[in-house]
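Note that the protein sequences, when read in sequence, are chains P and B.
For the first sequence, the tail end lands on 323 under this note's numbering, and the numbers increase by one without skipping.
For the second sequence, the tail end lands on 1328 under this note's numbering, and the numbers increase by one without skipping.
C-beta atoms are modelled at their ideal positions from N, C-alpha and C, and glycine is treated no differently.
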Amino acid sequence: MAALFKKDWFGLLIVVIVSGLAIAVLKPAFLSPFNLYVLMVSISYMLIIALAQMIIIAIGQMNLSVGAIGGLVAISFSGLMEVQQVSVPVAVLIGLIIGMLCGFLNGYITVRSGISAFIITLATLYIFKGINLGITEAEPFYNIPETVKNFGNAKIGNTPIPFLIIIPIIITFLMWIFMNRTETGRHMLAYGNSVQSAELIGISSSKVVITAHVISGFLAAIAGMLVVCRLQLGTPNIGDSWLLPSFAAPVIGGAILAGGKVDVIATSLGVLIVAIISQALVIFKIDPFFVQIFLGVMILLAVFVNRYREYKQEARRKIFSSE
Amino acid sequence: MNKKIPNFIYTNQFGLLCLVLIFTLIFSTSTDGFTSRFNIFALSRVIAIDIMIGLAMMVVILTGGLNLALGAIGVCAAMFGGWCMEVLGIPIIPSILLMLGMGSFLGWINGIITVKTGVHSFVVTLATMSIYFGFMTMLTEAEAFRRLPELFTDFGSAKLFNKYVSPLLLVSVATCFALFYLFRFTDIGRKLIAAGANPEAAELSGISVNRMFIYCHMLSGFLGALAAILLTTRIGAAIPSMAGQLGMDWLLPAFLAPVIGGTLLSGGKLSVFGTMLGAVLVTLLTNGLYLLDVGEFWIRFFLGIILLLAVLLDRTREYFTLKSVIVS
Chain P
1 MAALFKKDWF GLLIVVIVSG LAIAVLKPAF LSPFNLYVLM VSISYMLIIA
51 LAQMIIIAIG QMNLSVGAIG GLVAISFSGL MEVQQVSVPV AVLIGLIIGM
101 LCGFLNGYIT VRSGISAFII TLATLYIFKG INLGITEAEP FYNIPETVKN
151 FGNAKIGNTP IPFLIIIPII ITFLMWIFMN RTETGRHMLA YGNSVQSAEL
201 IGISSSKVVI TAHVISGFLA AIAGMLVVCR LQLGTPNIGD SWLLPSFAAP
251 VIGGAILAGG KVDVIATSLG VLIVAIISQA LVIFKIDPFF VQIFLGVMIL
301 LAVFVNRYRE YKQEARRKIF SSE
Chain B
1001 MNKKIPNFIY TNQFGLLCLV LIFTLIFSTS TDGFTSRFNI FALSRVIAID
1051 IMIGLAMMVV ILTGGLNLAL GAIGVCAAMF GGWCMEVLGI PIIPSILLML
1101 GMGSFLGWIN GIITVKTGVH SFVVTLATMS IYFGFMTMLT EAEAFRRLPE
1151 LFTDFGSAKL FNKYVSPLLL VSVATCFALF YLFRFTDIGR KLIAAGANPE
1201 AAELSGISVN RMFIYCHMLS GFLGALAAIL LTTRIGAAIP SMAGQLGMDW
1251 LLPAFLAPVI GGTLLSGGKL SVFGTMLGAV LVTLLTNGLY LLDVGEFWIR
1301 FFLGIILLLA VLLDRTREYF TLKSVIVS
């Protein structure tokens, strides 16, 4: 228990619990089965989108093309099933491969050219989105197989828990193990912390950067396919609005964009905070445009809090070193 | 004297100028209508706005940062101006000044938050982008202002030089010269560059780096508002969706022009005329691709490829110039 207090994400957990309780007291409808179901569905793909961005933030870069990869995979997935009559597992597999290929392209070009990932992924954002629009001509695919539709609607037993959420929970768990318990994950954090020192101790930058981008593409692909299951159709504009939330959750979770400091649990709590409060705004019938403002304010607030904490830590370090 | 010519040939601007000429030649021979009076006039209006957007991003890239909120600032300024002119009935000139003031103010907010928190401007402007855009949509209820003064909208459709060129382009070119003068010949312009190139050294030599960074963000907001004014006179209305969702449609031209034009993303080096040529090249290519019947949906794909090729080419050029310097 004492160890729990010391965790960086402990404050976030408090925010989640307090805000959840406060909203539930003010509006008991917040805890209605339907509302909990909607909340968990939105959490399920937001979680994966946030992790797709988090792993790139871990190595000190950013990936603007997360949404574009998700969109491209979403329409390939639904297009393969509708037009080419491909079976569902094969379509999922091809979708994942497309996502990883897109990620590989991002990572490979970034490493080989030495140009900032921001510009590379801005370019690939337009390339992937262009392919997406070129294939679909902005028309959605409506005829998704029943199995996929049922999967998107299924609930676990009589509970309001959507079946969809199982995938993000497994992935979050695997990501936690990857970032905290595997060599590659630790190497990524070391690389994000300081590229020079990571190279000096023999970490291969190309391996780290490409792996991170491939994983990011893989996660974006899963998120894209989950959204197809949820919407029951593959529209070309899936992924268009992912940019802001993908950064919001890791930043609220305390990730430092310079790299080297991310936390899977804190990012997940960041997703929870964003989802709970956005949902609350809907319940309180607040102007939907306000959600946008609110997300922006949350990011800024998180930035200030992180800054303040760093400042305190530095002050404490100074006291100790003067003794 | 002899030394000056090869120097110019090695510059990025020269390469861009060649590319612009080559593509003009290709498009004018392979498509009908590229050199028509109508097309050149349309091109000049689009180029004018793209140049301004590129310049607005360039001045923030100078600090090593970026301004994702540029489009949102532009739309806010345009809607504010539309409100001033249509609802409040403020005359055109004061309205324009108010719009520029609005842009600078929103830029100032970006600057002050970036400097005070020390967080990368990417996160700050990502947040302010959605805040500005959200407020704008709430206040306007997503309604456009379409009854702007005629004198204001006439400016956007006026034709000069035997009806070939829009006056909007003159505004942009004049802005380029003004910025060139600012960065080359004035004290403050040089301080801005010094602060971007090496903040520690600049601080040590008595420049207030923070203040310079705030100025850069204000200038970016100012130029973003100017771009929005040009766009409003062109469309003839102030529309909330004029820069797409959250103003993100401006991002690609905003980064393409300076990056192609040789502005370093790490800050401290900019090229005003490079940015201008970059914007010209991008608009030219987009227009040519449309005329070649590439199909509207593939245009984005090609723009992405162009950006990628441009940065890769720039990298190779840098590599070879560095190599030739070392050899000599």
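| Item | Value |
| --- | --- |
| Nearest-angstrom Cα separation, counted from residue 1214 of chain B out to residue 1189 of chain B | 13 Å |
| Residue 1002 of chain B at chain P interface by Cβ criterion, 9 Å | Residue confidence for residue 1002 of chain B is low, a pLDDT of 48 falling below 50, so the modelled location carries little weight and cannot support an answer. |
| Nearest residue (CA-CA) to residue 1269 of chain B, options B:1232, B:1180, B:1070 and B:1308 | B:1180 |
| Sufficient close CB pairs (3 or more, under 8 Å) joining the region 1087 to 1094 of chain B to the region 1063 to 1078 of chain B | no |
| Residues that residue 1217 of chain B contacts on chain P, provided the C-beta gap is smaller than 9 Å | In chain order: nothing, as chain P lies at least about 15 Å away. |
| Start and end residues, alpha helix (DSSP H) containing residue 1153 of chain B | 1150 to 1157 |
| Burial state of residue 1151 of chain B (16 or more Cβ within 10 Å) | exposed |
| Whole alpha helix (DSSP H) elements within the region 1070 to 1103 of chain B, 4-residue minimum | 1070 to 1086 |
| 8 Å contact criterion, which residue 244 of chain P and residue 1205 of chain B should meet: CB distance rounded | Incorrect: roughly 39 Å between the Cβ atoms, too far for contact. |
| Beta-carbon proximity of residue 67 of chain P to residue 239 of chain P, cut-off 9 Å | yes |
| Spatially closest choice to residue 28 of chain P from P:289, P:189, P:305 and P:284, by CA coordinates | P:284 |
| Within chain P, the residues that residue 1234 of chain B reaches when beta carbons sit closer than 7 Å | Under the 7 Å cutoff, chain P gives no residues; its nearest Cβ is about 23 Å from residue 1234 of chain B. |
| Buried or exposed by the 16-neighbour rule on C-beta atoms within 10 Å, applied to residue 180 of chain P | exposed |
| For residue 1242 of chain B, the first and last residue of its enclosing alpha helix (DSSP H) | Careful: residue 1242 of chain B lies outside any alpha helix (DSSP H) and carries neither H nor E. |
| Residue of B:1113, B:1138 and B:1139 minimising C-alpha distance to residue 1127 of chain B | B:1113 |
| One or two residues paired with residue 162 of chain P in a DSSP bridge | P:155 |
| 4 or more residues per run - each alpha helix (DSSP H) lying fully within the region 1196 to 1249 of chain B | 1199 to 1204 and 1209 to 1235 |
| Residues that DSSP places opposite residue 1165 of chain B in a beta bridge | B:1160 |
| Candidates B:1073, B:1207 and B:1054: closest to residue 1252 of chain B by CA position | B:1054 |
| Cβ-based burial, residue 191 of chain P [other Cβ within 10 Å; buried from 16] | buried |
| Test item: CB-CB of residue 60 of chain P and residue 220 of chain P under 9 Å | no |
| Entirely enclosed alpha helix (DSSP H) segments - the region 161 to 195 of chain P, minimum 4 residues | 166 to 181 and 183 to 193 |
| Cβ-heavy atom distance, residue 289 of chain P to the ligand MG, below 8 Å | In the structure on display, the ligand MG does not appear, and there are no ligands present to speak of. |
| Neighbourhood of residue 1027 of chain B by C-beta, 6 Å cutoff - its chain only, sequence neighbours within 5 removed | 1034 and 1288 |
| Chain-ordered neighbours of residue 124 of chain P on chain B, where CB pairs are closer than 8 Å | 1304 and 1308 |
| Per-residue burial, residue 248 of chain P [other beta carbons within 10 Å of its own, 16 or more giving buried] | buried |
| Where residue 234 of chain P falls: helix, strand or coil (DSSP) | strand |
| Cβ pair residue 1023 of chain B, residue 1284 of chain B closer than 9 Å | yes |
| Proximity winner among P:271, P:258, P:233 and P:263, relative to residue 242 of chain P (alpha-carbon distances) | P:271 |
| Contact residues within the region 282 to 311 of chain P, judged by C-beta distance below 7 Å to chain B | 287, 289, 290, 292, 293, 295, 296, 297, 299, 300, 303, 304 and 307 |
| Buried or exposed (CB count within 10 angstroms, at least 16 for buried), residue 1233 of chain B | buried |
| Below-9 Å beta-carbon distance, residue 1124 of chain B vs any chain P residue | yes |
| Residue burial classification, residue 1191 of chain B (beta-carbon count within 10 angstroms, cutoff 16) | buried |
| Where residue 256 of chain P sits in the DSSP three-state scheme | strand |
| Residue 240 of chain P: contacting residues in chain B (beta-carbon distance under 8 Å) | 1245 |
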